[in-house]
Structure formats: structure tokens, C-alpha cells
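Enquirer: Would you mind keeping the following structure in view while I ask a few things?
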Amino acid sequence: MNIAIVGTGYVGLVSGACFAEMGISVYCIDTNEQKIFALRQGIIPIYEPNLDNLVLRNVEAGRLIFSTDLRDALTDAVIIFIAVGTPPDEDGSADLSHVLEVARTIGRNMQGYKLIVTKSTVPVGTAEKVRATIAEELKKRAISLDFDVASNPEFLKEGNAIDDFMKPDRVVVGVDSERAKELMTQLYKPMLLNNFRVLFMDIPSAEMTKYAANAMLATRISFMNDIANLCEKVGADVSMVRQGIGSDTRIGNKFLYPGCGYGGSCFPKDVKALIATAQQNGYVMQVLEAVERVNEKQKKLLFEKLKAFYHGKLRGRRIALWGLAFKPGTDDMREAPALVLIDSLLAAGCEVVAYDPVAMDEARRRLGTKIHYAKDVYETVIDADAILHVTEWKEYRMPNWEVIRRAMHTPLLIDGRNVFDALDLVGFTYMRIG
Numbered sequence: 016m017n018i019a020i021v022g023t024g025y026v027g028l029v030s031g032a033c034f035a036e037m038g039i040s041v042y043c044i045d046t047n048e049q050k051i052f053a054l055r056q057g058i059i060p061i062y063e064p065n066l067d068n069l070v071l072r073n074v075e076a077g078r079l080i081f082s083t084d085l086r087d088a089l090t091d092a093v094i095i096f097i098a099v100g101t102p103p104d105e106d107g108s109a110d111l112s113h114v115l116e117v118a119r120t121i122g123r124n125m126q127g128y129k130l131i132v133t134k135s136t137v138p139v140g141t142a143e144k145v146r147a148t149i150a151e152e153l154k155k156r157a158i159s160l161d162f163d164v165a166s167n168p169e170f171l172k173e174g175n176a177i178d179d180f181m182k183p184d185r186v187v188v189g190v191d192s193e194r195a196k197e198l199m200t201q202l203y204k205p206m207l208l209n210n211f212r213v214l215f216m217d218i219p220s221a222e223m224t225k226y227a228a229n230a231m232l233a234t235r236i237s238f239m240n241d242i243a244n245l246c247e248k249v250g251a252d253v254s255m256v257r258q259g260i261g262s263d264t265r266i267g268n269k270f271l272y273p274g275c276g277y278g279g280s281c282f283p284k285d286v287k288a289l290i291a292t293a294q295q296n297g298y299v300m301q302v303l304e305a306v307e308r309v310n311e312k313q314k315k316l317l318f319e320k321l322k323a324f325y326h327g328k329l330r331g332r333r334i335a336l337w338g339l340a341f342k343p344g345t346d347d348m349r350e351a352p353a354l355v356l357i358d359s360l361l362a363a364g365c366e367v368v369a370y371d372p373v374a375m376d377e378a379r380r381r382l383g384t385k386i387h388y389a390k391d392v393y394e395t396v397i398d399a400d401a402i403l404h405v406t407e408w409k410e411y412r413m414p415n416w417e418v419i420r421r422a423m424h425t426p427l428l429i430d431g432r433n434v435f436d437a438l439d440l441v442g443f444t445y446m447r448i449g
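Heads up: the sequence shown is residues 16 to 449, going by this note's numbering.
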């Protein structure tokens, strides 16, 4: 089977490489000529463990082809995945301009039956817009060609995306024709053989499933952050509370860890988009609006704790920042809590020295010379007035605390991810969440 994936961002590139690994011939299409040239040389534009080896192996095997022209793929590929970006508009709704431009290109150039599948995270009703756009282009050409549309949302976790794709919890597929269902069944046959769940449903339900899943996870995070903040007020320990409720099988223990806010490319964007979709349909998502408010407030919590410790006198203080990416396992800094924290620290007159195992280049691209960049955690703490722990990278877990304490001006550690043990921190003032 031959397929094409339009968009070589996080979703498109991972999906393309994984489909190729399953033996499928994959065209990966992107209009960015520099990115395509680099990918042909084996240079991966994102950090994802083992993705570089997967791409190189399948390029060398001839199963993974990179191109800037979708027309190159339309002759051979029967299934066309749309995996381009859907950034939020000013009102929070998803910008579908890139998705619909791909649909226009398909409509202008297809010569036979195609199945067009939205892989991008898109609002309910997008598949119908794609269908209408292709039909309009075919009408302009005065030809009639059969085609189907489908929805196949992704559920990849950055830092674990390859395993998530190859060994998924579930694959969700929205179709409205038997022909589309047969093609998608054939595509995912290796997963069916391995007894992974491939869930077929109608297209609007598939489109909604992706948003509902991310909104639920975001809600759990904000709920636990709210509980953690209340724990501090009443003298409870949120770690004990988390264990207590997580042992309830109706609740489970996933996504019950309090912290300094969620970020990344999915949760913030998808929560905003779902709120906007509701507004467009005359409904108010009261819970999700609260989820978003809690998260934005939580991103400022570490700064507020630091400010309270120093009684508001922060100008000239040197602050060590451990972690820049929104989560471990990625260099992604989109909507990262670290960005909000850095803005607050700089506005208060602090000097910021940061270290992240993989996000340093991305931080330099975003922040330039606004902060200092260290080669490791030990360099960040020299003469520091505080450590702010933002991203829970494993390499931060067991440093030499005595060396760090002696290097600091004031041994203060504010733990935004609740991973350290106060018993290990002799001589430190240790603050955590909840």
C-alpha cells in the first residue's frame, strides 16, 4: 500500500516513519524546502527518542520518501493523510487554513479515487469542510471523481511517540463509507493482528474524541493543582491525598500529579479550541474554562513562592532554572511553564541561569540572550539565590546536594514537580506544591 502524509511536523513525521516501519510506502510532503532537504540527509527537526534511527532506516530501505510537491504522491498514494498545523486563532478556535489548502491541492490534482484522512487535531465538522473543498475544486475542473474523507486523530505523547504509535492504547477511525472502512482496516491490519484496539465510529465522534481526551487529561491536572493549593492552606499533604484517591479504581492514578502547570502543543490549544467550538454552537464549557484559568494561575505559582520567601525583594537575585521544555523527553517549549516563569523573573529584575538536557537550542531560539545558559545543573547553582525545578528530567533526581548547597548563595529549592525528598536536602530550605 502507498500512502501520503502532508506535513512533517511532530505528528506527520512520527506517523510517516512508523507506517514505513510497518512495511508501507510513505510519501512525506512539506512545503518547507529546507526541512525536506534536511530530512533527506537524515537531519531530524524535532527531538524524539529513536526517531532519527527510524527515519534513516526507512529512507535507506526506500519506504520513506520526502518531497515538497504533493502531486508527486497523488499518482501512487490511495490514502492521503492531512497532518499540517492547526494553530489557534485569536479567539482560541483552530485555524484550518493549512488543512483546507491541502484539500484544495488534492482537488486540483487528483486523477482517481482517494481517501483523505484528517490526522491533524481539528474541530468537529472539519471533515465536511475538507469534503466540500475537494468537491468544489473538482467542479471547477468539470470532472467527477469518487473520494472519501475520514478522521484518524493521533494520541501520541511527546517523548514516547514511537511506542504510542506502534503499541497504541487504541486507534480511533471515523468513516462514513464501507470503502473507507476497508482501506483503513487494511492500513491498520498489523495492529489488528496484534489485538490492538481499532475503534471505528462516525466522523464527528472521532473528531470530538481527540478533543475530549485531551480536555479530560487537562482537567485532571488542573483539578489536582487546585487540590494541592488547598492542601497548603489546610495543612494536608497532596502526595498522600493523591495516593488515597488514585487507589480508587474508578479514578485511577494517571495524571494526578500536581505541578506548575501543563503546556505543550496539545492541551492548551485543544482546551481553547473546544471552548471556542462550544461558543460557536451556543454552549458554555464551564468546567474547561475553569481548567484553563487554574492552569494559567498555576504557571505563576513558583514565582509567587519565590517572591514570598524574599518578601518581594527579587531585584538582582540569581535564580537557577532546572528545566525549560514543557515536559521531559522533548525539546518542545510551546506554552511551557518555564516561559511564563522566566518572564516574571526578568520583570522582577532577576538574573536567570537555566539548564535543560535537550531544549537549550530551542530556548536560545526563543529567548536569545535574555537568560544565561549553563552546561549542567551544577553550573546553574553557582552563587544562586534559589533553584526553581520546572521540568522533571531524570538526570536532576540524584545530584550531589552537598556540592550544590556549598555553591549556592542561598540554599533554597522550590520544587515545581514534587520529585525530591526533604530528607535528602540537609541544609536546604525546601518548598514544594501542596
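All C-beta atoms in this analysis are idealised placements derived from N, C-alpha and C, irrespective of residue type, glycine included.
Please report the straight-line C-alpha distance between R78 and V190, rounded to a whole angstrom.
Expert: When rounded, the distance between both Cα atoms is 27 Å.
Enquirer: Which residue comes first and which comes last in the beta strand (DSSP E) that contains Y42?
Expert: 40-44
Enquirer: Assuming T101 contacts L85 (C-beta within less than 8 Å), just tell me the rounded distance between them.
Expert: Not confirmed; about 18 Å, so no contact.
Enquirer: If the criterion is Cβ atoms closer than 8 Å, does the pair V186 and R212 meet it?
Expert: yes
Enquirer: So within the segment 88-133, which uninterrupted alpha helix (DSSP H) runs reach at least 4 residues, ignoring any that extend past its ends?
Expert: 112-124
Enquirer: Pop quiz: L115 and T148 are said to be a contact at Cβ under 8 Å. What is the actual Cβ separation, rounded to whole angstroms?
Expert: 5 Å
Enquirer: By how many angstroms is the C-alpha of Y325 removed from the C-alpha of H404?
Expert: 17 Å
Enquirer: To the nearest angstrom, how far is the alpha carbon of I80 from that of V392?
Expert: 40 Å
Enquirer: For E152, which residues from the same chain have a beta carbon less than 7 Å from its beta carbon, with the 5 sequence-adjacent residues on both sides left out?
Expert: Hits under 7 Å: R119, G122, R123.
Enquirer: Is the distance from the Cβ of V367 to the Cβ of L336 below 8 Å?
Expert: For the 8 Å CB-CB criterion, V367 and L336 form a contact.
Enquirer: Taking a contact to mean a Cβ-Cβ separation below 8 Å, would you say F96 touches K134 in this structure?
Expert: yes
Enquirer: Buried or exposed for W441, going by 16 or more other Cβ atoms inside 10 Å?
Expert: Reading off the sequence shown, one finds Val at residue 441, where the question assumed Trp. V441 comes out exposed.
Enquirer: Since I334 sits in a beta bridge, which residues does DSSP pair it with?
Expert: V367, A401
Enquirer: Is the distance from the Cβ of N229 to the Cβ of C281 below 8 Å?
Expert: yes
Enquirer: Just grab the DSSP bridge partners of V188 for me.
Expert: As computed with DSSP, V188 is found in a beta bridge with F215.
Enquirer: Do you know offhand how far Y445's Cα is from Y277's?
Expert: 22 Å
Enquirer: Within a Cβ cutoff of 6 Å, which residues of the same chain sit near K320, ignoring the five residues on either side of it in sequence?
Expert: Correct list, in chain order: I429, M446.
Enquirer: If you compare alpha carbons, which of E197, T384, L171 is closest to D163?
Expert: E197
Enquirer: What's the C-alpha gap between V29 and A323?
Expert: 44 Å
Enquirer: Tell me S166's beta-bridge partners as DSSP assigns them.
Expert: T133, G189
Enquirer: According to DSSP, which residues form a beta bridge with A422?
Expert: DSSP, once it has assigned bridges, lists no residue as partnering A422.
Enquirer: Given this structure, state the Cα-to-Cα distance separating S237 from A305, to the nearest angstrom.
Expert: 9 Å
Enquirer: For a minimum of 4 consecutive residues, which ranges assigned as the alpha helix (DSSP H) are wholly contained in the segment 222-304?
Expert: 253-261, 282-295
Enquirer: Counting along the chain, where does the beta strand (DSSP E) carrying M446 start and finish?
Expert: 444-446
Enquirer: Report yes if the CB atom of E222 is closer than 8 Å to the CB atom of V309, and no otherwise.
Expert: If you check the CB distance, E222 and V309 do not come in under 8 Å.
Enquirer: Which same chain residues, not among the five before or five after P103, have their C-beta less than 6 Å away from its C-beta?
Expert: K284, K287
Enquirer: Do I177 and C33 come within 8 Å of each other at the CB atom, strictly closer than that value?
Expert: yes
Enquirer: Give the DSSP-derived three-state secondary structure of L360 in the structure shown.
Expert: Reduced to three states, the DSSP call for L360 is helix.
Enquirer: Which partner residues does N17 have in the DSSP bridge list?
Expert: S40
Enquirer: Going by C-alpha distance, which of R332, Y388, R432 is nearest M423?
Expert: Per the Cα distances, R332.
Enquirer: So the beta strand (DSSP E) I58 belongs to, where does it begin and stop?
Expert: Here I58 belongs to no beta strand (DSSP E), and DSSP marks it neither H nor E.
Enquirer: Within the continuous beta strand (DSSP E) that includes L427, where are the two ends?
Expert: Unbroken beta strand (DSSP E) run through L427: 427-430.
Enquirer: Are at least three pairs of beta-carbons, each pair with one atom in the segment 293-302 and one in the segment 378-393, less than 8 Å apart?
Expert: no
Enquirer: Using alpha carbons as the reference points, say which of D263, A243, T136, E105 lies closest to I448.
Expert: A243
Enquirer: Give the straight-line distance between the Cα atoms of K390 and R156, rounded to the nearest whole angstrom.
Expert: 59 Å
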